[in-house]
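> Provided herewith is a single structure, encoded as structure tokens, for subsequent inquiry.
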Amino acid sequence: MLKLALTKGRIEEKSIEKLALCGYNVEELSDKGRKLLFLCPHPEAETLQIVLAKANDVITYVEHGTCDIGIVGRDTIMEMGGDFYELLDLGFGKCRFALAGLKGKQFYKGFGHRIIATKYPNVTNRYFEAQDTECEIVKIDGSVELAPVLGLADAIVDIVETGSTLKENGLEIYEEIAPISARLIVNNASLKMKNESVGDFIDRLSQVIG
Ligand code: PRP
């Protein structure tokens, strides 16, 4: 049996849709309640056991070999890094990392102390280091857009999908940092030990992601 760690939320539905297109029976997932483990049989392939987890934990499960494969956003991969193979860009869950702040404010004007609020301190740190710009990073866990509105930060680094959250809170993008989409990651040992079933899974998935 192959174990797949799937990120809850944003990319969950699209992932399940693709698995169904691959021929997996995803019935258990359609009425999941509070369950976190699911079996998805396939008429010709190994059964898939799906583990629903938070994005950071998907990486932890795959890195430790608790799960063979994982589906997770590139945002989490860029933030956490880790020792695993990133083998497919799944083409959905598209958004981007952006630096944003109050509309009309000139972020780079002057030499003052800049405070950036973000859920992604590593991505933010690398971005400003590459530009040789000093800033103080404040880690926020959600609704980062509040930080510049409430005066906690001069700007935020966050994911932007439709742009509605920025717009509805009077913010705008200052700079785009990196494109993001859902990725398929594979545990190092599983790729060797379960080469055939992992390869088979990747082939099936590749055919339905277009
Ligand atoms: C993400 C992100 C933005 C929003 C962007 O938050 O942090 O707040 O989505 O999407 P949009 O451009 O389509 O408006 P998420 O919904 O994951 O919730 P969180 O802020 O609680 O982490």
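This note's numbering puts the first residue of the sequence shown at 4, with every later residue one more than the last.
Idealized CB from N, CA, C, for every residue including glycine.
Everything numeric in this text was worked out from a predicted model, so none of it was measured.
#1: At a cut-off of 7 Å, would you count Thr127 as near ligand 1, judging by its Cβ distance to the nearest heavy atom?
#2: Give the DSSP bridge partners of Cys43, in chain order.
#3: Please confirm whether Pro46 and Gly76 have their CB atoms less than 8 Å apart.
#4: What first and last residue would you give for the beta strand (DSSP E) that runs through Lys142?
#5: Along the chain, where does the beta strand (DSSP E) containing Lys97 start, and where does it finish?
#6: Could you give the DSSP three-state label for Arg117: helix, strand or coil?
#7: Mark Pro182 as exposed unless 16 or more other C-beta atoms lie within 10 angstroms of its C-beta, in which case mark it buried.
#8: Classify Glu164 as helix, strand or coil using the three-state DSSP reduction.
#9: Taking all protein chains shown into account, decide if Arg186 is buried (16 or more other Cβ within 10 angstroms of its Cβ) or exposed.
#10: Can you give me the C-alpha to C-alpha distance between Leu24 and Phe100, rounded to a whole angstrom?
#11: Quick check: does the Cβ of Arg99 come within less than 7 Å of any heavy atom belonging to ligand 1?
#12: Excluding sequence positions up to five away, which residues of its chain have a Cβ less than 7 Å from the Cβ of Gly85?
#13: Which residues mark the beginning and the end of the beta strand (DSSP E) in which Thr10 is found?
#14: Which term fits Asp78, buried or exposed, when burial requires 16 or more other beta carbons within 10 angstroms of its beta carbon?
#15: Pick helix, strand or coil for Arg186, following the three-state DSSP scheme.
#16: Terminal residues of the continuous beta strand (DSSP E) containing Ile88?
#17: Per DSSP, which residues does Ile159 bridge with? Please list them.
#18: On a Cα-Cα basis, can you pick out the residue from Lys17, Phe204 and Asn190 that is closest to Glu49?
#19: Say whether the stretch 115-130 touches the stretch 141-152, bearing in mind that this needs 3 or more beta-carbon pairs closer than 8 Å, one atom from each stretch.
#20: Kindly indicate the opening and closing residues of the beta strand (DSSP E) around Val29.
#21: Are Asp161 and Val152 touching if we call contact CB-CB under 8 Å?
#22: Report yes if the C-beta of Ser167 is less than 7 Å from at least one heavy atom of ligand 1; otherwise report no.
In this structure, then:
#1: no
#2: Leu51
#3: no
#4: Glu139 to Lys142
#5: Careful: Lys97 lies outside any beta strand (DSSP E) and carries neither H nor E.
#6: Residue state, collapsed to three classes: coil.
#7: exposed
#8: coil
#9: buried
#10: 29 Å
#11: Arg99 Cβ: outside cutoff for every heavy atom of ligand 1.
#12: Ile62 and Glu66
#13: Leu5 to Thr10
#14: Buried is the call here.
#15: strand
#16: Here residue 88 is Tyr; the residue named in the question, Ile, does not match the sequence. Note, Tyr88: beta strand (DSSP E), Tyr88 to Asp92.
#17: Ala103 and Ala120
#18: Phe204
#19: yes
#20: The continuous stretches of beta strand (DSSP E) do not include Val29, and DSSP gives it neither H nor E.
#21: no
#22: True, at least one ligand heavy atom lies under 7 Å from that Cβ.
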